[in-house]
Amino acid sequence: MKEITDSRCQGCHQGDEGSRMKGINLRYREFLLPGSVGLLIVLGATGMVREVLGLDLVLLAALVGGVPIVYGAVRGLLRKDMNVGLLISIALIASLFIEEYIAGAIVVFIMLVGELLENITVAKTGNAIRKLMDLKPKTARVRRAGGEVVLPVEEVKLRDMVLVKPGERIPVDGVVTSGQGAVNQASLTGESIPVEVGPGDEVFEGTLNELGSLEIETTKIGRETTLAHVIELVEEAQADKAPAQRVADRFAKYFTPLILGIALITYYFTGDAIKAITVLIVACPCALVLATPTAVIAAIGNAARRGILIKGGRSLEAAGRVNAAVFDKTGTLTYGKPQVTTIRSFSEKTERDVLARAALAEKFSEHPLAKAIIRKAQELAIEVPDPSDFQVILGRGVVARASEQEVILGNRKLLTDRRVKLPPEAEGYLALRESNGETCLLLAEDERFLGVITVADVLREGTRQAITAMRESGVKKIVMLTGDNARTAEAIASLAGIDEFAADQLPEDKVNTVRRLKQEYKVVVIGDGINDAPALATADVGIAMGVIGSDTAIEAADIALLTDDLTQAAQAIRLSRKALRTITVNIFLFSLGLNAVGMYLAIGGFVGPVMAAVLHNVAAVGVVLNSARLIRLR
Numbered sequence: 019m020k021e022i023t024d025s026r027c028q029g030c031h032q033g034d035e036g037s038r039m040k041g042i043n044l045r046y047r048e049f050l051l052p053g054s055v056g057l058l059i060v061l062g063a064t065g066m067v068r069e070v071l072g073l074d075l076v077l078l079a080a081l082v083g084g085v086p087i088v089y090g091a092v093r094g095l096l097r098k099d100m101n102v103g104l105l106i107s108i109a110l111i112a113s114l115f116i117e118e119y120i121a122g123a124i125v126v127f128i129m130l131v132g133e134l135l136e137n138i139t140v141a142k143t144g145n146a147i148r149k150l151m152d153l154k155p156k157t158a159r160v161r162r163a164g165g166e167v168v169l170p171v172e173e174v175k176l177r178d179m180v181l182v183k184p185g186e187r188i189p190v191d192g193v194v195t196s197g198q199g200a201v202n203q204a205s206l207t208g209e210s211i212p213v214e215v216g217p218g219d220e221v222f223e224g225t226l227n228e229l230g231s232l233e234i235e236t237t238k239i240g241r242e243t244t245l246a247h248v249i250e251l252v253e254e255a256q257a258d259k260a261p262a263q264r265v266a267d268r269f270a271k272y273f274t275p276l277i278l279g280i281a282l283i284t285y286y287f288t289g290d291a292i293k294a295i296t297v298l299i300v301a302c303p304c305a306l307v308l309a310t311p312t313a314v315i316a317a318i319g320n321a322a323r324r325g326i327l328i329k330g331g332r333s334l335e336a337a338g339r340v341n342a343a344v345f346d347k348t349g350t351l352t353y354g355k356p357q358v359t360t361i362r363s364f365s366e367k368t369e370r371d372v373l374a375r376a377a378l379a380e381k382f383s384e385h386p387l388a389k390a391i392i393r394k395a396q397e398l399a400i401e402v403p404d405p406s407d408f409q410v411i412l413g414r415g416v417v418a419r420a421s422e423q424e425v426i427l428g429n430r431k432l433l434t435d436r437r438v439k440l441p442p443e444a445e446g447y448l449a450l451r452e453s454n455g456e457t458c459l460l461l462a463e464d465e466r467f468l469g470v471i472t473v474a475d476v477l478r479e480g481t482r483q484a485i486t487a488m489r490e491s492g493v494k495k496i497v498m499l500t501g502d503n504a505r506t507a508e509a510i511a512s513l514a515g516i517d518e519f520a521a522d523q524l525p526e527d528k529v530n531t532v533r534r535l536k537q538e539y540k541v542v543v544i545g546d547g548i549n550d551a552p553a554l555a556t557a558d559v560g561i562a563m564g565v566i567g568s569d570t571a572i573e574a575a576d577i578a579l580l581t582d583d584l585t586q587a588a589q590a591i592r593l594s595r596k597a598l599r600t601i602t603v604n605i606f607l608f609s610l611g612l613n614a615v616g617m618y619l620a621i622g623g624f625v626g627p628v629m630a631a632v633l634h635n636v637a638a639v640g641v642v643l644n645s646a647r648l649i650r651l652r
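Take any residue in the sequence shown, note its place counting from 1, add 18, and you have its number in the numbering used here.
Laid out in structure tokens, this is it:
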């Protein structure tokens, strides 16, 4: 797994790497240095103890606290990187050179305290990964040689039978082989209502078995589990730089020599070294460097707790700018598990015969409509032989062969392509069923029309609320895409509260529709992540839903929803917009705004080095605290 990029201001805190004290707890070390510097200043400035071994205690305070900062600046210069810590280092050295020990020491102390506050707050914004890591069980109860043994989870192997009792967290991804239980998946999906599981159901590492004992066959271990994959994605996402951050980093790179020039000009015209030193301190752009990454980390961490995986700063920023949403119908707006509603014969065949021939044609298909027909045939105990040939016609249907006969099942376009004519009475029947939102599958055999099977898919619970929430988040245009005919599409769109739709869409048609929308809008596509992969990839932002346990679906999108709750798509957009607003406030108020005020006060002589250090840290800590509000956003 990749290490998360440190989101603190790397300019003023570059010395941390060189000053780490092995064997001492990190939090203790962070309090130790500013505490020691502060104590030395108090003792030296108040006259309690002026010198130790002939060295002024205030000077010693400046040296103890300043060495890590100077060390970081020197390391940067050796790497040909004029980092912003160079400004503080020059100001400190200049203060000591002109014997302004108290000013230099207090500046160092304030910088260290600011760093401490910043680190503590940043740690809170980045605790999503730590919470996920805490979910990983340390041991597992495994059936071995007829008995039970408790092993470190690292020793569990694929296909091991793991036993989980009520109240225990599941230590692996696997399939329940025996037992009934209720598993709380809130740790992964954010959904607190337990899911009832039994033999054949998938369960995931880190989820809590609240009721019943389970025996689970291990299918994924270690870094291959869903929880491990989620942790890795969040780590990579928090390290990914948003475009705004890249701009800020480039600006900060050129900002350092610019401020050095302004300080030199100030000294040249005023002859006042204190003013020049103050300019160097107050102008350090730490707040600007922190403005974007702290907001990104907080927002992504918040989303991860809800089962929303945002792939990084670029995805977050793009999602915050979308103003048009495209929804796939089947499996997104609807449950994707349609059921046969009617069977109608338009020949001498019985309804049972029509279903049997349709089931034969669809036997090898993985399409949701095919599965509905197969389920219905199984319910009626119809034996379905294997077709001798089988072909999927994308966006049309299927063609199979059995007993030297060609069996055709699909939409009107497929029958037209195969030169099958519909009787007038069939046209009226199709119009009636389609007006009810049902999908009509037309059956033919050797160019002879046999009958119609209608299938209906139920709208997901909460779909209308999700569409409303999407509009409230600032999305101006919402479009539904479907391979169904216009009548069925209109019925479903009306139920969902969507005004615009495109029917009879092949996969390439969906891609073209998204491309046309992108000419006017920033487009998000919401789909299942696999069947909709081309459209998701074409959009400015792709959101795949219901991807828990599916690495392929997670990889296909910019944002992955671990549940089938469509309202999470609207939550992701809303959170992304809030993150963008937070970044804007961070940059223009706390960064550029306070920097400009500080520069004016410094050049005018209204503040000295100590107050400049206070202003600098007010800006940096203000940025971090403002970003931290995203953690609590609901």
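Beta carbons are placed, not taken as given, at the ideal position from N, Cα and C, and that holds for glycine.
Whole-Å CB distance - residue i paired with residue j, under 8 Å assumed
i    : j    : result
V416 : S383 : 6 Å
A309 : N503 : No, A309 and N503 are not in contact; Cβ-Cβ is about 50 Å, not under 8 Å.
F608 : N635 : 11 Å between Cβ atoms; not a contact.
A316 : I544 : Contact flag wrong, Cβ pair sits at about 24 Å.
A444 : F408 : Rounded, the Cβ-Cβ distance is 25 Å, inconsistent with contact.
Beta-carbon proximity of residue i to residue j, cut-off 8 Å
i    : j    : result
I299 : A63  : no
L412 : P525 : yes
L206 : V174 : no
V171 : P184 : no
P356 : P405 : no
A301 : M617 : yes
F273 : P303 : yes
L351 : L477 : yes
I391 : V493 : no
G480 : T585 : yes
Y89  : A342 : no
V297 : I277 : yes
Neighbourhood of residue i by C-beta distance below 6 Å, restricted to the same chain and skipping five residues each side
i    : result
D219 : V194
K40  : Per-residue confidence for K40 stands at a pLDDT of 35, beneath the threshold of 50, marking its modelled position as unreliable; the derived number appears in the next sentence. So the list is empty, once near-sequence residues are dropped.
F519 : M498, A507 and A511
L77  : Y119
Q198 : G216 and G230
L633 : V300 and G616
E465 : R437 and V438
T360 : T472
E228 : A200, N202 and P212
R647 : none
D550 : D346
Burial state of residue i (16 or more Cβ within 10 Å)
i    : result
A588 : buried
E401 : exposed
G289 : exposed
E35  : Residue confidence is low: E35 scores 38 on pLDDT, short of 50, so the model does not pin down where it sits. Its coordinate-derived value is still stated next. Flag for E35 reads exposed.
A637 : buried
D517 : exposed
A376 : buried
E456 : buried
T434 : exposed
D558 : buried
I450 : A small fix is needed here, since residue 450 is Leu in this sequence, not Ile. By the 10 Å Cβ count, L450 comes out exposed.
G83  : buried
V307 : buried
I116 : exposed
Among the options, the one whose alpha carbon lies nearest that of residue i
i    : options                   : result
A509 : L104, A374 and K347       : K347
L226 : K154, A291, A163 and I277 : K154
R162 : V180, D152 and K156       : V180
P86  : E186, E48 and G192        : E48
T243 : G192, E214 and A200       : G192
R595 : R332, V307 and L95        : R332
P627 : S54, L78 and A123         : A123
T368 : R339, V470, Q423 and E397 : V470
L427 : L460, K156, L51 and V410  : L460
L610 : A316, V625, G640 and A597 : G640
C458 : K431, I128, R482 and Q483 : K431
K528 : V542, L51 and P552        : P552
F127 : P275, R241 and L50        : L50
7 Å Cβ shell around residue i - same chain, five flanking residues per side excluded
i    : result
S196 : P217 and E233
L651 : N320, L593 and K596
R533 : T556
Neighbourhood of residue i by C-beta distance below 8 Å, restricted to the same chain and skipping five residues each side
i    : result
S113 : A80, Y119, A121, G122, V125, I295 and P627
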